[in-house]
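*Asks:* This is the structure I want to talk about, given as structure tokens.
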Amino acid sequence: MLNVGDIAPDFVVRLGGGGQFKLSNYRGQNVVLFFYPKAFTYGCTQEVGGFCDMHDHILSKNAVVLGISADSIETLRKFAKSTQAPFGLGSDETKLVRKLYDVERRFGLGTSRVTYVIDGDGVIQGVYHNEIVMSSHIRNALGALDALI
386 MLNVGDIAPD FVVRLGGGGQ FKLSNYRGQN VVLFFYPKAF TYGCTQEVGG
436 FCDMHDHILS KNAVVLGISA DSIETLRKFA KSTQAPFGLG SDETKLVRKL
486 YDVERRFGLG TSRVTYVIDG DGVIQGVYHN EIVMSSHIRN ALGALDALI
């Protein structure tokens, strides 16, 4: 994983809801970037749902949310619709972004569940990894955002 104080690598991903997300386009805003293993699984649906529930609160912290998995655009389109995600779900089918952010599981066996909070200058201000307690990602992201204010 990357560390607090590191410059967040720039990237572009296509979104399941259409369009794309380029990190550097959000300079001046905080970004909650969460990586999750697979759409439609129990844990990932819980995690996305938690970010959905707290989305307005996150917006009030001058932040945007982006979730990234290695799922296809079509799968993410369906997942975004089923979860009613008000934020982007990005496709990292090439696995480039998960490598940039060092969230690839050992031996290339999928994506680790990691959340980064990136400030408006593109500096990582929060890093959290937990494969089991999905709600802890939201709590930790909110704590990191609160520390920025």
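In the numbering used here, the protein residues as written are 386 to 534.
The C-beta atom is built at its ideal place from N, Cα and C for all residues, glycine as well.
#1: Quick check on the DSSP output: what are the complete alpha helix (DSSP H) runs of length 4 or more inside the region 474-532, in order along the chain?
#2: Looking at the secondary structure, which residues open and close the alpha helix (DSSP H) in which isoleucine 443 lies?
#3: Within 10 Å of its beta-carbon, does tyrosine 427 have 16 or more other beta-carbons around it, so buried, or fewer, so exposed?
#4: On the DSSP letters alone, give me the boundaries of the alpha helix (DSSP H) that lysine 466 sits inside.
#5: Exposed or buried, what is histidine 442 when buried is set at 16 or more other beta-carbons lying within 10 Å of its beta-carbon?
#6: Mind checking which residues open and close the beta strand (DSSP E) that includes serine 454?
#7: Can you tell me which of the three DSSP states leucine 387 falls into?
#8: Nearest-angstrom Cα distance between glycine 435 and glycine 404?
#9: Should the region 453-460 be called in touch with the region 515-532, which here means at least 3 C-beta pairs below 8 Å?
#10: Would you identify the three-state DSSP class for glutamine 414, choosing helix, strand or coil?
#11: In the DSSP assignment, the beta strand (DSSP E) including phenylalanine 406 goes from what residue to what residue?
#12: With DSSP run on the structure shown, which of helix, strand or coil describes phenylalanine 436?
*Replies:* Taking the definition as stated:
#1: Listed in chain order, they are 481-485.
#2: Where isoleucine 443 is concerned, the enclosing alpha helix (DSSP H) stretches over 440-444.
#3: By the 10 Å Cβ count, tyrosine 427 comes out exposed.
#4: Boundaries of the alpha helix (DSSP H) harbouring lysine 466: 458-468, taken from the DSSP string.
#5: Flag for histidine 442 reads exposed.
#6: Going by DSSP, serine 454 is part of the beta strand (DSSP E) stretching over 448-454.
#7: Correct three-state label for leucine 387: coil.
#8: For glycine 435 and glycine 404, the distance between alpha carbons rounds to 23 Å.
#9: The answer is no - the region 515-532 does not touch the region 453-460, with fewer than three Cβ pairs under 8 Å.
#10: Judged by DSSP in its simplified three-state form, glutamine 414 adopts coil rather than helix or strand.
#11: Counting along the chain, the unbroken beta strand (DSSP E) around phenylalanine 406 starts and ends at 405-407.
#12: Reduced to three states, the DSSP call for phenylalanine 436 is helix.
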